[in-house]
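*Asks:* Residue numbers (this note's numbering): 36 to 322. Note that the Cβ used here is the ideal one computed from N, Cα and C, for glycine as well. Handing you a structure now.
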Amino acid sequence: MHQPQYSEPMGGMYQLPWTYLHAIKDYVDMAWHLENVPGAKAVVNFAPTLIEQIADYDEQLKSRFKGTGRLKDPLLIALDSPVQPNHVEERAKLISDCLRANEEKLIAPFPQFAKLVHLARYVLDEPERIAYVNDQFIIDMVVWYHLAWMGETVRRSDVRIQSLMAKGEHFNFHDRRQLMTVIGELLSDLIPRYRRLAETGRVELSVTPYAHPIVPLLLDINTTLEAMPDSELPEITAYPGGEERSHWHMEEGLRVFESYFGFRPKGCWPSEGAVSVETLKLISQHG
């Protein structure tokens, strides 16, 4: 499983929410199936940048609940905030962000959300209409966006989520805080959950070089021609310090993995499945 680093280097604000949204949907559902389907086994790969971001979201929510920290994702801020943005541009951006969902899988199955999406698209067609949108509409959009992204196994088993979906509209601050609590619980238990699966032999956990680099190209740009002989190569003939950087990505990836899972992985999935003879040699040097 991989997500690139979505947070800014300075300040740490997240530009895209895909890490925590996929965590509460796909990664949670995958774990449930591995836990509950007899005989199910799998190799599950964690990119280190994904591990760090899951842990960061977990820490954000924990510190927010304690009143000692701040959230760093615009959608979670909107879910948590007592008031919504005042500026038309900010309101339009938030509404637009809540439309980033698969129509067939995440919008159409939920009539209340589909109705809100229809109205949102109408509003966004003419920017001056946004002035007539009240906070409750935005709140309901944000809540339903998270309910739609919630894992199917969570929707079927968590009475808090079922209650919110049954309510359907006019969500209040308590409803939003309850939803955030569920999100926090799912994120907090995600890495320990996969660790337990590994300890019981249901999964083997593998790692990827730290920031998901294409190692064959770091080592030798000309390896492109091994897979795609007719490819046009860039003017640069070598990546400066490529071998050193490749070793760093391996070392840092292993360090991050072990710090969160408590053991050293046996397997490595090269970023994007990109391999070369020299890449395999380098990976083997790291055990």
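Would A246 and T103 be called neighbours here (beta carbons separated by less than 9 Å)?
*Replies:* The answer is no: Cβ separation not under 9 Å.
*Asks:* Which word fits S198, buried or exposed, when buried means at least 16 other C-beta atoms lie within 10 angstroms of its C-beta?
*Replies:* exposed
*Asks:* Anyone know if the C-beta pair for L182 and M200 falls short of 9 Å?
*Replies:* yes
*Asks:* My assumption, with CB atoms under 8 Å, is that L106 sits in contact with D115. Please give the rounded CB distance.
*Replies:* 6 Å
*Asks:* To which residues of the same chain is E204 closer than 8 Å at the C-beta, ignoring the five residues directly before and after it?
*Replies:* Answer for E204: Q147 and D175, listed in chain order.
*Asks:* What whole-angstrom Cβ distance do F292 and I86 have, given they're in contact under 8 Å?
*Replies:* That pair is a contact at about 7 Å.
*Asks:* Just tell me which of L214, S241, P248 and P269 has its CA closest to the CA of H284.
*Replies:* P248
*Asks:* Rounded to whole angstroms, what's the CA-CA distance from L69 to K140? Just pull it up for me.
*Replies:* 22 Å
*Asks:* Can you tell me the Cα-Cα spacing of L240 and G302, whole angstroms?
*Replies:* Cα to Cα, the separation comes out at about 7 Å.
*Asks:* Using the beta-carbon count (16 or more within 10 Å), is V271 buried or exposed?
*Replies:* The question names Val, but residue 271 in the sequence shown is Ile. With fewer than 16 other Cβ atoms within 10 Å, it is exposed.
*Asks:* Can you grab the Cα-Cα spacing for the pair A155 / A262, in whole Å?
*Replies:* 46 Å
*Asks:* Looking only at its own chain, which residues have a Cβ that is under 7 Å from the Cβ of T235, when we skip the five neighbours before and after it?
*Replies:* none
*Asks:* Distance check for V158 and A149, CA to CA, integer angstroms please.
*Replies:* So the two alpha carbons sit approximately 14 Å from each other.
*Asks:* When DSSP builds the beta bridges, which residues end up paired with L240?
*Replies:* According to DSSP, L240 bridges with V79.
*Asks:* By how many angstroms is the C-alpha of L134 removed from the C-alpha of V323?
*Replies:* In the structure as shown, the chain begins at 36 and stops at 322. Residue 323 is therefore absent and cannot be evaluated.
*Asks:* Per DSSP, which residues does Y49 bridge with? Please list them.
*Replies:* S42
*Asks:* My guess is that P52 and D93 are in contact by the Cβ rule of under 8 Å, so how many angstroms apart are they, rounded?
*Replies:* Incorrect: roughly 15 Å between the Cβ atoms, too far for contact.
*Asks:* For E277, report the span of its alpha helix (DSSP H) as first-last.
*Replies:* Looking at the sequence itself, residue 277 is Gly, so the reference to Glu does not match. Per DSSP, G277 belongs to the alpha helix (DSSP H) from G277 to F296.
*Asks:* According to DSSP, what are the bridge partners of C303?
*Replies:* V242
*Asks:* Unbroken alpha helix (DSSP H) runs of length 4 or more, entirely within the segment 135-204: which are they?
*Replies:* 146-160, 170-184, 187-192 and 194-202
*Asks:* Could you tell me if G219 is buried or exposed, where buried requires 16 or more neighbouring beta carbons within 10 angstroms of its beta carbon?
*Replies:* It counts as buried.
*Asks:* Thinking L24 and I59 are a contact (beta carbons under 8 Å), I'd like their distance in whole angstroms, please.
*Replies:* What the structure shows of the chain is the stretch from 36 to 322, and residue 24 is not part of that stretch, so it cannot be assessed.
*Asks:* Work out the CA separation of D170 and V118 for me, nearest whole Å.
*Replies:* In this structure, the CA atom of V118 is about 7 Å from the CA atom of D170.
*Asks:* Ordered along the chain, which non-local residues of its own chain (more than five positions away) have a Cβ less than 8 Å from that of S42?
*Replies:* Annotation for S42: M48, Y49, Q50, Q88, D91 and K107 place their beta carbon closer than 8 Å to its own, counting only its chain and skipping 5 residues before and after.
*Asks:* Does the separation of the CB atoms of L317 and V242 fall below 9 Å?
*Replies:* no
*Asks:* In its own chain, which residues sit with a C-beta less than 8 Å from the C-beta of A75, not counting the 5 before and 5 after it?
*Replies:* Only H68, L69 and R237 meet the Cβ criterion.
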